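Asks:
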Amino acid sequence: MGILSLDQFKQPTFLGYVENRLPSKTYMLKEISENEVSYDLTFDYDVFTQTYAPSAAITGWNSGAPLRDKEGFKTLTQEVAKIQHGIRIDEREQLKFQNPRVEAERQRAVQRVYDQTDRLIEGVNDTEEWLRAQAVYLGAITYNANNVKIDVNFNLPAVVTPTDAWSDRMDSVPLDDLRALIQAYKDANGGEAPEYIDMSGAVMQDIIMNQQIRGAIYGINSQMIPTRSQVESIIAQIADAPIKIRINDNQVSLNGASATRLLPVRTVAVLGRQPVITVEGPTVEKAFEPGIYVVTKEDMGPPPQDEIYVGKSAFVGIKKPSQIHRMSV
Numbered sequence: 180m181g182i183l184s185l186d187q188f189k190q191p192t193f194l195g196y197v198e199n200r201l202p203s204k205t206y207m208l209k210e211i212s213e214n215e216v217s218y219d220l221t222f223d224y225d226v227f228t229q230t231y232a233p234s235a236a237i238t239g240w241n242s243g244a245p246l247r248d249k250e251g252f253k254t255l256t257q258e259v260a261k262i263q264h265g266i267r268i269d270e271r272e273q274l275k276f277q278n279p280r281v282e283a284e285r286q287r288a289v290q291r292v293y294d295q296t297d298r299l300i301e302g303v304n305d306t307e308e309w310l311r312a313q314a315v316y317l318g319a320i321t322y323n324a325n326n327v328k329i330d331v332n333f334n335l336p337a338v339v340t341p342t343d344a345w346s347d348r349m350d351s352v353p354l355d356d357l358r359a360l361i362q363a364y365k366d367a368n369g370g371e372a373p374e375y376i377d378m379s380g381a382v383m384q385d386i387i388m389n390q391q392i393r394g395a396i397y398g399i400n401s402q403m404i405p406t407r408s409q410v411e412s413i414i415a416q417i418a419d420a421p422i423k424i425r426i427n428d429n430q431v432s433l434n435g436a437s438a439t440r441l442l443p444v445r446t447v448a449v450l451g452r453q454p455v456i457t458v459e460g461p462t463v464e465k466a467f468e469p470g471i472y473v474v475t476k477e478d479m480g481p482p483p484q485d486e487i488y489v490g491k492s493a494f495v496g497i498k499k500p501s502q503i504h505r506m507s508v
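Heads up: the sequence shown begins at 180 in the working numbering, then just goes up one per residue.
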């Protein structure tokens, strides 16, 4: 009997491990995503196309309330996508488990299965975050691999470009550029301020070393370098709101290819509290329930080998396009 014949790798114990495994890294876009489930392969969600709700009417007593038209949003239908991959435990690993030289070697073989499963879980989470990043940072999801083609455009506000690139630390004016972008966000959202600004570490360094920023904090011609907290404070000041700046330098290796950034290095995104929706759908492997699954396959060969598969079905949508404003700096 192989490693996967152990009780801890049988359902429902192994599934409980996979479902409750805490992420090994922070998924920033999951934090700004509403999470829902669907028991069908398609799901509907409302896209808010109006920046504010109409105010209620003032009426006299004993009079009826006016009915509003269902303006300000539209309903879209999308389909969840299957996200899955697996690993094979080969004959050499099985031998270390079945015929160990010492008990510690057997335990290492078991721990290796857990470690490899953790990587499968992380890979599923990475792909889901990649979908969110494509939607939020690029405004579209384009994918063509494994006989699957996805081409979805979320019609976000156009990317703006400042007059001077922020890499020009002497002449660029990031405070003015951010003030204009934040004001555009407020105008598109009934005066409501954004909650987050996502940028790369390289762009943050440009801001920290920028002459306009240093002058605003220390005075003109100062050679002192501000701290990140000082930069965040002055940006919150021009926004008149406690905006949180997040550095997103995370990368994913999609389909095993070379790692690529989720946030383009020269893109700055001004975001609302929860403009994204992530929907998990059902799978056969999960007994037609939504959520992550794990299945195992034992094969006595020849050659003998065990397999582990982890996956889910999910997709994302943009509920509030007006809460995503981007600038190429």
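Backbone N, C-alpha and C define an ideal beta-carbon position, used for all residues, glycine too.
As the structure is a prediction and not an experimental result, all values here were calculated from the model.
#1: For L433, which of helix, strand or coil comes out of DSSP?
#2: Classify K189: buried if its beta carbon has 16 or more other beta carbons within 10 angstroms, exposed otherwise.
#3: Could you spell out where the alpha helix (DSSP H) holding Q453 opens and where it closes?
#4: Helix, strand or coil, according to DSSP, for R255 in the structure here?
#5: Taking only the alpha-carbon atoms, compute the straight-line gap between E468 and G460 and give it to the nearest angstrom.
#6: Which whole-angstrom value is the C-beta distance of A493 and E301, which I expect to be below 8 Å?
#7: Are the Cβ atoms of L360 and V449 separated by less than 8 Å?
#8: Among S408, N427, I387, L354, which residue has its Cα nearest to the Cα of S379?
#9: Are the beta-carbon atoms of G207 and V338 separated by less than 8 Å?
#10: Quick check on DSSP: helix, strand or coil for P532?
#11: Using a Cβ distance threshold of 8 Å, determine whether the stretch 323 to 333 contacts the stretch 375 to 391, with at least three qualifying pairs required.
#12: Can you tell me which residues form a DSSP beta bridge with V458?
#13: For K209, which of helix, strand or coil comes out of DSSP?
#14: What are the complete alpha helix (DSSP H) segments, minimum 4 residues, inside the stretch 361 to 393?
#15: Between which residues of its own chain and Q453 is the CB-CB distance below 6 Å, once the five residues before and five after are set aside?
#16: Can you give the Cα-Cα distance for S432 and V508, rounded to whole angstroms?
Replies: So, to answer that:
#1: helix
#2: exposed
#3: Premise fails: Q453 is in no alpha helix (DSSP H) and is neither H nor E.
#4: Residue 255 is actually Leu in this sequence, not Arg. Reduced to three states, the DSSP call for L255 is strand.
#5: 7 Å
#6: The pair is not a contact, with the Cβ atoms about 15 Å apart (cut-off 8 Å).
#7: yes
#8: N427
#9: First, the amino acid is wrong: residue 207 is Met here, not Gly. For M207 and V338, no; Cβs fall outside 8 Å.
#10: Nothing about residue 532 can be reported from this structure: the residues present for the chain run from 180 to 508 only.
#11: A contact between stretches requires three or more CB pairs, one per stretch, nearer than 8 Å, and the stretch 323 to 333 fails this requirement with the stretch 375 to 391.
#12: E215, F494
#13: helix
#14: 380 to 387
#15: Short of 6 Å from the beta carbon of Q453, and not among the five residues preceding or following it, lie these beta carbons of its own chain, in chain order: I211, E213.
#16: 25 Å
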